[in-house]
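Protein sequences, first through last, are from chains A and B.
Per the numbering used here, residue 1 is the first one in the first sequence, and the count goes up by one each step.
Per the numbering used here, residue 109 is the first one in the second sequence, and the count goes up by one each step.
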Amino acid sequence: MTNQVARGKSTMDYEKLVQTEDFKGLVKRKKNFATPFVIFFFAAYFILPLLTGYTKVLESPAIGAMTWTWVYAFSMFVMVWVFTSIYMNKAKYFDDEVDKIIEKNVLK
Amino acid sequence: MSWISYVIFFAVIALTLYITYWAAKQTTTASDFYTAGGSLTGWQNGMAIAGDYLSAASFLGIAGAISLNGFDGFYYSIGWLTAYLVVLFLIAEPLRNLGKFTMADMIGARFGAKKVRGAAALNTITIVMFYMLAQLVGAGALIKLLFGIEYWMAVLIVGTMMLIYVLFGGMTATSWVQIIKAVLLMLGTIIISFLVLMKFNFNFISMFEVMKTATPHGEAFLHSGVVYTDTIGLISVLIALVLGTAGLPHILMRFFTVKDAKTARSSVIYSVWIIGIFYVLTIFLGFGAAKFVGADAIIAENAAGNMAAPMLAGVLGGDALESFVAAVAFATILAVVAGLVLSGASAIAHDIYGQIFKSGNVTEKQQVAAARWASIAIGVASILLALGSEKLNVAFLVSLAFCVAASANVPTILLTIYWKKFNTTGAVASMLTGLIVALVLVAISPSVMNPVEGATLITGNPIFPYANPAIVSVPAGFLAAWIGTLVSSKRHEKDEVSYAEVRFKAETGYKELDL
C-alpha cells in the first residue's frame with residue numbers, strides 16, 4: 001500500500017548522497033543564483049511603502065500626470081515577469097544537472 | 109436584469125455541469141479526486157492557478173478599492189503579483205517534490221509526528237473557512253443585487269453548485285471550472301479595459317491627467333496615502349499580501365495536479381503572466397469606475413466598492429456587458445469556492461482521517477469516500493456560517509486568511525525546506541503560534557473593535573492599532589520556530605526524516621517508491 005506518504009525504510013544513503021561533489025555543487029549554484037534575486041525583489045517591494053510613506057520623492061510627475069509612484073509600481077510588474085523568465089531559463093540547466101546526479105549516483 | 113443575464117448565467121451553469129459530468133467518469137482514485145491524477149499540463153495548471161487565485165477579492169475588491177482610494181487600492185495588485193516570486197523562487201518545486209496531496213504532506217515528509225500534521229491541517233481548515241466565508245458572503249451580495257433574490261437563497265445556490273463540482277468531479281472538474289473562469293474573467297476584464305481606454309482616446313498618460321480632477325480626493329487619488337496614512341500599517345498589509353500566497357492551501361494544492369516539479373514551475377510562469385496582465389488591467393477597472401460611475405454611486409451600491417466593476421460594465425456596454433461581467437463574477441466565485449472545498453476536504457479526509465487516525469492504512473475506496481464526506485462537511489459548515497454572516501466585511505475576511513497563511517504556514521514551509529536544525533517541536537510551535545497570534549491580534553484590532561457602535565463586532569477602542577497584524581504575527585511564527593527548535597534540540601523525535609534525505613528529495617524530485 002503506497003497510500004502513506006513515502007516514509008518507508010530508506011534504502012538510500014542520503015547522508016552520502018548530499019556529500020557528493022555533484023550535489024553540493026548543484027545546491028551551491030542554485031543558492032548563488034537565487035539569493036540575489038530573492039533579496040532584490042523583497043527589497044524593491046518593501047522600499048516602495050517606505051518611499052511613499054516617509055518621503056515625497058515618488059510624488060512628483062514622471063510622464064505627464066503619471067507620478068513616479070506609478071512608474072515604480074509598473075516596474076514591479078516588469079520585474080516579476082523578467083525574474084520569472086530568467087528563473088525559467090536558468091532552471092533548465094539545473095534540471096540537466098539533477099538528471100546527471102540521479103543517473104550517476106542513484107541509478108548506477 | 110434582462111433576459112441576457114439569465115441566458116449567460118444558465119450557459120455558465122450548464123457548461124460547468126457538463127464538465128463535472130465528464131470529469132466524474134474519470135474520478136475513481138484518491139489521486140484523481142485530490143489532484144486530477146497529476147495529469148494537468150503546464151498551461152492548464154497555470155490557467156487553473158489564475159482561476160483559483162483571482163477571487164472576488166481581486167476582481168470586485170481591487171476594482172472597487174482603486175475606484176475609491178486610487179493608488180492605495182493598487183497595492184493589492186502589486187502585492188498579490190509579487191507573491192508569485194516567493195512561490196516560484198522558494199516554494200513551488202520543493203513542495204511538488206516532497207508532497208503528495210496536501211501542504212501537510214510536504215511538512216510530513218520531514219516531520220512524521222501526528223501533531224505536526226494535525227497542526228498543519230488545523231491551519232488549512234482555518235484559512236479555508238475564512239476565505240470561503242468571504243467568497244460566499246460576497247457571492248450572496250452579488251447575486252442578491254443582480255437578480256433581486258434573497259441573500260440566503262443566493263448563498264444556497266452557490267453552495268450547492270460548488271458541492272456538485274467537488275463531489276462528482278473532484279479536482280478534474282474543479283480545475284476545468286477554474287480554467288473556464290480564468291478565460292471568462294480575462295475576456296471580461298480586457299473588454300472593459302478596452303472600452304475605458306477608448307473613452308480616454310487610447311491615451312494612457314492623459315488618463316492620469318483626467319483622474320487628477322475626477323474624484324473627491326483630487327490629486328491625492330494618484331498618490332499613496334488615501335487610506336494608508338500609517339506606513340507601518342501599510343507595510344503590515346504588504347507583508348501579508350506577499351507572503352500569504354505561499355501559504356494558501358488551495359493554491360499550494362494546485363502544484364500537486366501536475367506530474368513533476370518541472371511542470372509545476374512552468375505552470376507558475378503561465379499563471380504569472382495571466383495574473384500580472386489582469387492586475388495591470390485593474391487600473392482601468394478602477395479608474396474607469398471612478399470616472400464614469402463616480403464614487404457616490406459606487407458607495408451607494410456597496411460601501412466597500414465591491415460593485416464598481418459590474419456597474420462600470422453597465423455604463424460602458426449596457427445591459428449585455430453588465431450581465432456578462434456579473435456572470436464572470438459568479439463564475440469567479442464558483443471556481444474559487446470549489447478549490448477551497450477541495451483543499452479543506454483534503455485536510456480533513458487525507459490528513460486527519462487518513463494519516464492521523466488511520467496512519468495511512470486506508471483503501472483507495474475508503475479514501476475517496478472520506479474525501480466526499482469531508483467535502484460535504486466543509487461545504488455545509490461554510491454555507492451555514494455564511495448564512496449568518498451577511499454583514500461581515502468581505503475584504504477583512506480575505507486579508508485575515510492571507511495573514512493567517514503568512515504567519516502560521518509560511519515559516520514552517522520555508523524552514524522545513526531550508527533549515528537543517530529545524531525540528532518537530534519547532535514546526536508545531538511555529539504553526540500554532542502564527543495561528544494564535546494572528547487570530548488574537550485581529551480580534552483586538554480596528555477590524556473587530558470600533559468605538560462607533562455597530563460598526564464592527566465589538567464596540568470599544570482597538571487594543572492593537574493595525575487592521576492587519578502580519579508585521580507582528582509573521583515574525584512571531586518565525587521566532588516560535590527558532591525557540592521551539594532550540595529548546596528541544598537534544599530531544600530525539602521519532603518519525604523525523606534526516607535533513608539530508610529531505611534536501612536531496614526537495615532538490616531532485618527523487619522518490620524511492622517510484623523505482
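Beta carbons: idealized from backbone N, C-alpha and C, even for Gly.
Keep in mind the model is a prediction, meaning the values are calculated, not measured.
Asked: Return the bridge partner residues of B/M557 from the DSSP annotation.; Found: B/I566
Asked: I'd like to know if A/E103 contacts chain B, where contact means its C-beta is closer than 9 Å to some C-beta of that chain.; Found: no
Asked: Near B/E498, what residues of its chain come up, given a Cβ to Cβ distance below 7 Å and the 5 sequence neighbours on each side ignored?; Found: V245, G248, Y259
Asked: If you follow the alpha helix (DSSP H) that A/P61 is in, where does it begin and where does it stop?; Found: Per DSSP, A/P61 belongs to no alpha helix (DSSP H); it is in the beta strand (DSSP E), 61-63.
Asked: With 8 Å as the limit, tell me which residues of the region 281-299 of chain B have their beta carbon closer than that to any beta carbon of chain A; keep them in chain order.; Found: none
Asked: What residues are listed by DSSP as bridge partners for A/T67?; Found: A/P61
Asked: Can you list, in chain order, the residues of the region 149-173 of chain B whose Cβ is nearer than 7 Å to any Cβ on chain A?; Found: none
Asked: Quick check on DSSP: helix, strand or coil for B/L176?; Found: helix
Asked: When you compare each of B/L389, B/A588, B/G496, B/T339 to B/M261 by their alpha carbons, which one comes out closest?; Found: B/G496
Asked: Would you give the residue range spanned by the alpha helix (DSSP H) that B/N205 belongs to?; Found: 200-206
Asked: For A/M1 and B/V274, what's the separation of their Cα atoms in angstroms?; Found: Residue placement at A/M1 cannot be trusted, given a pLDDT of 34 that sits under 50; what the coordinates show is reported in the next sentence. C-alpha separation (whole angstroms): 26 Å.
Asked: Going by the DSSP bridge assignment, what does B/E604 pair with across the sheet?; Found: B/F219
Asked: Using a Cβ cut-off of 9 Å (strictly closer), state whether B/A249 contacts chain A.; Found: no
Asked: Distance cutoff 9 Å, beta carbons only. Does A/N3 sit that close to anything in chain B?; Found: Because A/N3 sits at a pLDDT of 38, beneath the cut-off of 50, its placement in the model cannot be relied upon, and the following sentence gives the value as read from the coordinates. So, interface residue.
Asked: Using a C-beta to C-beta distance shorter than 7 Å, which residues of chain A count as neighbours of B/E317?; Found: G64, A65
Asked: Going by C-alpha distance, which of B/G542, B/Q286, B/I199, B/G326 is nearest B/A158?; Found: B/Q286
Asked: Out of B/F392, B/I441, B/T567, point me to the one whose CA is closest to B/F302's CA.; Found: B/F392
Asked: With 9 Å as the C-beta to C-beta threshold (strictly closer), list the residues of the region 606-621 of chain B near chain A in chain order.; Found: S606, Y607, A608, E609, V610, R611, F612, K613, E615, T616, G617, Y618, K619, E620, L621
Asked: With 7 Å as the C-beta to C-beta threshold (strictly closer), list the residues of the region 478-489 of chain B near chain A in chain order.; Found: none
Asked: Verify the CB distance criterion: does B/L330 have a CB-CB separation below 9 Å to chain A?; Found: yes
Asked: Would you say B/I441 lies against chain A (beta-carbon separation less than 9 Å)?; Found: no
Asked: Determine, for A/E21, whether the minimum Cβ-Cβ distance to residues of chain B falls below 9 Å.; Found: no
Asked: Do the region 67-80 of chain A and the region 186-202 of chain B make contact, defined as three or more Cβ pairs closer than 8 Å?; Found: yes
Asked: Let me know the secondary structure DSSP gives B/V335 once reduced to three states.; Found: coil
Asked: Assuming B/T280 contacts B/T135 (C-beta within less than 8 Å), just tell me the rounded distance between them.; Found: 6 Å
Asked: Excluding the 5 residues flanking B/V605 on each side, which residues of the same chain have their C-beta closer than 6 Å to its C-beta?; Found: R218
Asked: Should B/W284 go down as buried or exposed, given a rule of 16 or more other Cβ atoms within 10 Å for buried?; Found: buried
Asked: Who does B/L330 pair with in a DSSP beta bridge?; Found: DSSP, once it has assigned bridges, lists no residue as partnering B/L330.
Asked: Am I right that B/L271 and B/T440 are in contact with their C-beta atoms under 8 Å? What's the rounded C-beta distance?; Found: Contact flag wrong, Cβ pair sits at about 18 Å.
Asked: Go ahead and pull the three-state DSSP assignment for B/L508.; Found: helix
Asked: If you draw a straight line from the C-alpha of B/I340 to the C-alpha of A/L50, how long is it?; Found: 9 Å
Asked: By alpha-carbon positions, which one of B/G396, B/Y378, B/A578, B/I377 ends up nearest to B/S175?; Found: B/G396
Asked: Thinking C-alpha only, which one of B/S538, B/F438, B/A455, B/A477 is nearest B/V266?; Found: B/F438
Asked: Let me know the secondary structure DSSP gives B/L148 once reduced to three states.; Found: strand
Asked: Any idea what DSSP makes of B/V470, helix, strand or coil?; Found: coil
Asked: Note down, in chain order, all residues in the region 343-364 of chain B with a beta-carbon under 8 Å from any beta-carbon belonging to chain A.; Found: I343, L346, V350
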